Amino acid sequence: MAAKSMSPEKLKKFEELIQQELKESIAYIEEVSKGQSLGAKESSGDLSSYAFHQADQGSDTHLMEQSVMLMEQEREKVRLLKEALQKIYDGTYGICEMCGKNISESRLEIIPYAHYCVNCMEKMEEKKRKQRK
Numbered sequence: 793m794a795a796k797s798m799s800p801e802k803l804k805k806f807e808e809l810i811q812q813e814l815k816e817s818i819a820y821i822e823e824v825s826k827g828q829s830l831g832a833k834e835s836s837g838d839l840s841s842y843a844f845h846q847a848d849q850g851s852d853t854h855l856m857e858q859s860v861m862l863m864e865q866e867r868e869k870v871r872l873l874k875e876a877l878q879k880i881y882d883g884t885y886g887i888c889e890m891c892g893k894n895i896s897e898s899r900l901e902i903i904p905y906a907h908y909c910v911n912c913m914e915k916m917e918e919k920k921r922k923q924r925k
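Given below as structure tokens:
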């Protein structure tokens, strides 16, 4: 069964959803970047001249590493959201890249940058599980 293209109204709805998520992700990245550029003392609010306790320093380092990891995930999400916007403009949005069928709207509402329908995603996950064994 060939995929039917989405109505212009639905495409507009998804474009707005993607634009909003993109805006939120970029704001998050900017916030984390700003916090990192301040450094550990300033971002924690501790501006005293006392040296850090080793445990505090370890906690701060862990939190900064976590922030970097989350920021990288957000950057990947931004890339995927931009790809989804391009698909809207190209007329290929909502079409599974594996089987060519429509991706359900309920899936796109949760993951607006989804590349695959649920069935194909499950097949890929199962294949990954088998490869790990």
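With our numbering, letter number 87 in the sequence shown gets 879, and the count goes up by one each step, no holes.
Using N, Cα and C, we set each Cβ at its ideal position, and we do this for glycine too.
No experiment lies behind these values; they were computed from the predicted model shown.
- Message: Quick check on DSSP: helix, strand or coil for residue 821?
- Response: Taking the first residue of the sequence shown as 1, we reach residue 821 at position 29. Residue 821 carries a helical assignment under DSSP once its states are collapsed to helix, strand and coil.
- Simplified DSSP state of residue 902, which is helix, strand or coil: The residue you call residue 902 lines up with position 110 of the sequence shown. DSSP places residue 902 in helix when its eight states are reduced to three.
- What's the C-alpha gap between residue 889 and residue 901? For this step, residue 889 is matched to residue 97 along the sequence shown. For this step, residue 901 is matched to residue 109 along the sequence shown. Their Cα atoms are separated by approximately 18 Å.
- Message: Taking the straight line between their C-alpha atoms, what separation do you get for residue 842 and residue 907?
- Response: Start at 1 with the first residue of the sequence shown, and residue 842 comes out as number 50. Start at 1 with the first residue of the sequence shown, and residue 907 comes out as number 115. Unreliable positioning characterises residue 842 in this predicted model, as indicated by a pLDDT of 48, which lies under 50. The coordinate reading is nonetheless provided below. If I take the Cα positions, the gap works out to 51 Å.
- Message: Given this structure, state the Cα-to-Cα distance separating residue 768 from residue 873, to the nearest angstrom.
- Response: A question about residue 768 goes unanswered here, because the residues of the chain that appear run from 793 up to 925.
- Whole-angstrom distance between residue 821 and residue 864, CA atom to CA atom: Mapped onto the sequence shown, residue 864 falls at position 72. Mapped onto the sequence shown, residue 821 falls at position 29. Residue 864 and residue 821: Cα-Cα distance of roughly 9 Å.
- With a cut-off of 8 Å on the beta carbons, I'd call residue 810 and residue 904 a contact; round off their distance for me. The sequence position of residue 810 within the sequence shown is 18, counting from 1. The sequence position of residue 904 within the sequence shown is 112, counting from 1. 5 Å between Cβ atoms; contact.
- Task: Give the C-beta separation of residue 796 and residue 894 to the nearest angstrom, bearing in mind that I take them to be a contact with Cβ-Cβ under 8 Å.
- Result: Position 4 of the sequence shown, counted from the first residue, corresponds to residue 796. Position 102 of the sequence shown, counted from the first residue, corresponds to residue 894. The Cβ separation is near 6 Å, so the contact holds.
- Hey, would you say residue 870 sits closer than 9 Å to residue 828, going by beta carbons? For the purposes of this step, residue 870 is taken as residue 78 along the sequence shown, with counting starting at 1. For the purposes of this step, residue 828 is taken as residue 36 along the sequence shown, with counting starting at 1. Cβ distance not < 9 Å, so residue 870 and residue 828 don't count as in contact.
- Message: Quick check on DSSP: helix, strand or coil for residue 895?
- Response: Indexing the sequence shown from 1 puts residue 895 at position 103. Residue 895: coil per DSSP, three-state reduction.
- Helix, strand or coil: how does DSSP classify residue 799 here? Counting from 1 along the sequence shown, the entry for residue 799 is found at position 7. Correct three-state label for residue 799: coil.
- Alpha carbon of residue 854 to alpha carbon of residue 823, nearest angstrom: By 1-based counting over the sequence shown, the position of residue 854 is 62. By 1-based counting over the sequence shown, the position of residue 823 is 31. Going by the C-alpha atoms only, they are around 18 Å apart.
- Message: Please classify residue 916 as buried or exposed, where buried requires at least 16 other C-beta atoms within 10 Å of its C-beta.
- Response: Translated into the one-based positions of the sequence shown, residue 916 becomes position 124. Its Cβ having fewer than 16 others within 10 Å, residue 916 is exposed.
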